[in-house]
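Participant: Numbering-wise (the working numbering), the sequence shown opens with residue 193 and increments by one. Each residue gets a CB set at the ideal place from its N, CA and C atoms; glycine is no exception.
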Amino acid sequence: MPLQLVFATNNRHKLKEVAAKINGEIQLLTLQDIGCDQDIEETGSTFKENAGIKSHYIHTKYHMNCFGEDSGLIIDALNGEPGVYSARYAGEHGNHAANIKKVLEKLKGIENRKARFVTVISLIWNKDEHFFEGAVEGTIRHQPAGNGGFGYDPVFQPDGYDITFAEMSMEEKNKISHRAKAIEKVIAFLNKA
Ligand code: IMP
Numbered sequence: 193m194p195l196q197l198v199f200a201t202n203n204r205h206k207l208k209e210v211a212a213k214i215n216g217e218i219q220l221l222t223l224q225d226i227g228c229d230q231d232i233e234e235t236g237s238t239f240k241e242n243a244g245i246k247s248h249y250i251h252t253k254y255h256m257n258c259f260g261e262d263s264g265l266i267i268d269a270l271n272g273e274p275g276v277y278s279a280r281y282a283g284e285h286g287n288h289a290a291n292i293k294k295v296l297e298k299l300k301g302i303e304n305r306k307a308r309f310v311t312v313i314s315l316i317w318n319k320d321e322h323f324f325e326g327a328v329e330g331t332i333r334h335q336p337a338g339n340g341g342f343g344y345d346p347v348f349q350p351d352g353y354d355i356t357f358a359e360m361s362m363e364e365k366n367k368i369s370h371r372a373k374a375i376e377k378v379i380a381f382l383n384k385a
């Protein structure tokens, strides 16, 4: 029987990206799989805190090995915004078009477009909590491009590429993304555990 691990998210894009990395020896379970229909509130002020809130919620209630993930976009010229507020930067949670519009308006006329995506994962494995991080550097485009991915993908161009995350296939994004890097660390940890 493979190792089971619950991913504490309702974000189907994140789930798809992570499932594509974790296959085979680890069976990834969704909140739906374990009968949890709760939208776990992100009340923390850091990615680490929010990741921990999600994993602890599931572990306390279901006593299963699990992980929570929190991620976001950090833009240098905006003093790190949208940061932990990435999902609700323009007000409404998950309104990606409005969030992108706000970012582009705030960056109007600003030359420094350096940004990074970051992910923090809180893994609860055999009752102990472990943190893993991943980041990818890039720049914010002046106009959105591409239909793939989610969130800020249409305006994020990773360093070393001339296309945005939204113009990449999921496989391509999954080789270099913040989330992919953090998940690779989780897999390496579990392979040794
Ligand atoms: P949360 O981790 O559920 O709080 O949401 C993270 C938010 O950060 C998403 O709603 C997106 O706005 C943004 N974000 C995180 N990862 C990505 C990504 O891989 N691509 C684009 N946007 C992302």
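What residues sit near the ligand IMP, counting only those whose C-beta is closer than 5 Å to one of its heavy atoms, in chain order?
Facilitator: Spelled out in chain order, the answer is 262, 263, 264, 278, 279, 343, 344, 345.
Participant: Measure the CB-CB distance between residue 358 and residue 326 and report whether it falls below 9 Å.
Facilitator: Taking the first residue of the sequence shown as position 1, residue 358 is located at position 166. Taking the first residue of the sequence shown as position 1, residue 326 is located at position 134. Contact flag unset, no.
Participant: Check whether the segment 310 to 328 and the segment 258 to 267 are in contact - that is, three or more C-beta pairs closer than 8 Å.
Facilitator: Yes, they touch.
Participant: Which residues in the same chain as residue 270 place their Cβ atom closer than 8 Å to its Cβ, once the five residues preceding and following it in sequence are excluded?
Facilitator: What you label residue 270 is simply residue 78 of the sequence shown in a count that begins at 1. These residues qualify, in order along the chain: 295, 298, 299.
Participant: Can you tell me where the beta strand (DSSP E) holding residue 369 begins and where it ends?
Facilitator: For this step, residue 369 is matched to residue 177 along the sequence shown. Run containing residue 369: none; DSSP gives neither H nor E here.
Participant: Given a threshold of 16 other Cβ atoms within 10 Å of its Cβ, counted over all protein chains shown, does residue 247 qualify as buried or as exposed?
Facilitator: Counting from 1 along the sequence shown, the entry for residue 247 is found at position 55. Answer is buried; the Cβ neighbour count reaches 16.
Participant: Could you check if residue 278 is buried or exposed, using at least 16 other CB atoms within 10 Å of its CB as the buried criterion?
Facilitator: Numbered from its first residue, the sequence shown carries residue 278 at position 86. Buried.
Participant: Are the beta-carbon atoms belonging to residue 206 and residue 372 less than 9 Å from one another?
Facilitator: Your numbering for residue 206 matches position 14 in the sequence shown. Your numbering for residue 372 matches position 180 in the sequence shown. Result no, Cβ atoms of residue 206 and residue 372 do not sit closer than 9 Å.
Participant: What would DSSP say about residue 197, mapped onto helix, strand or coil?
Facilitator: Here residue 197 refers to the residue found at position 5 of the sequence shown. Residue state, collapsed to three classes: strand.
Participant: Grouping DSSP H, G and I as helix and E and B as strand, with all else coil, what is residue 309?
Facilitator: Here residue 309 refers to the residue found at position 117 of the sequence shown. Correct three-state label for residue 309: strand.
Participant: Given a cut-off of 9 Å on the beta-carbon distance, is the pair residue 240 and residue 312 in contact?
Facilitator: Here the question's residue 240 lines up with position 48 in the sequence shown. Here the question's residue 312 lines up with position 120 in the sequence shown. Against a cut-off of 9 Å, the Cβ pair of residue 312 and residue 240 comes out as a contact.
Participant: Just to confirm my understanding: we take residue 268, look at its own chain, exclude 5 residues before and 5 after, and list those with CB closer than 7 Å. What are they?
Facilitator: Reading the sequence shown from its first residue, position 76 is the one you call residue 268. Excluding positions up to five away in sequence, the list reads 304, 306, 307.
Participant: Could you give the distance in angstroms between the alpha-carbon of residue 362 and the alpha-carbon of residue 263?
Facilitator: Residue mapping note: residue 362 aligns to position 170 of the sequence shown, counting from 1. Residue mapping note: residue 263 aligns to position 71 of the sequence shown, counting from 1. For residue 362 and residue 263, the distance between alpha carbons rounds to 17 Å.
Participant: Would DSSP call residue 334 helix, strand or coil?
Facilitator: Indexing the sequence shown from 1 puts residue 334 at position 142. Looking at residue 334 - three-state DSSP - the assignment turns out to be coil, as it is neither helix nor strand.
Participant: Which residues in the same chain as residue 251 place their Cβ atom closer than 7 Å to its Cβ, once the five residues preceding and following it in sequence are excluded?
Facilitator: Within the sequence shown, the letter at position 59 stands for residue 251. Answer for residue 251: 258, 316, listed in chain order.
Participant: Within the continuous alpha helix (DSSP H) that includes residue 244, where are the two ends?
Facilitator: Position 52 of the sequence shown holds residue 244. Where residue 244 is concerned, the enclosing alpha helix (DSSP H) stretches over 239 to 254.
Participant: Taking residue 296 as part of the beta strand (DSSP E), name the residues at either end of that continuous run.
Facilitator: The residue given as residue 296 occupies position 104 in the sequence shown. No beta strand (DSSP E) holds residue 296; the alpha helix (DSSP H) holding it covers 288 to 298.
Participant: Compute the Euclidean distance between the alpha carbons of residue 355 and residue 255, then round it to the nearest angstrom.
Facilitator: Residue numbering aside, residue 355 sits at position 163 when the sequence shown is read from its first letter. Residue numbering aside, residue 255 sits at position 63 when the sequence shown is read from its first letter. For residue 355 and residue 255, the distance between alpha carbons rounds to 42 Å.
Participant: Less than 7 Å between C-beta atoms, sequence neighbours within five positions excluded: which residues of the same chain meet that for residue 302?
Facilitator: What you label residue 302 is simply residue 110 of the sequence shown in a count that begins at 1. Excluding sequence neighbours, residue 302 sits near 269.
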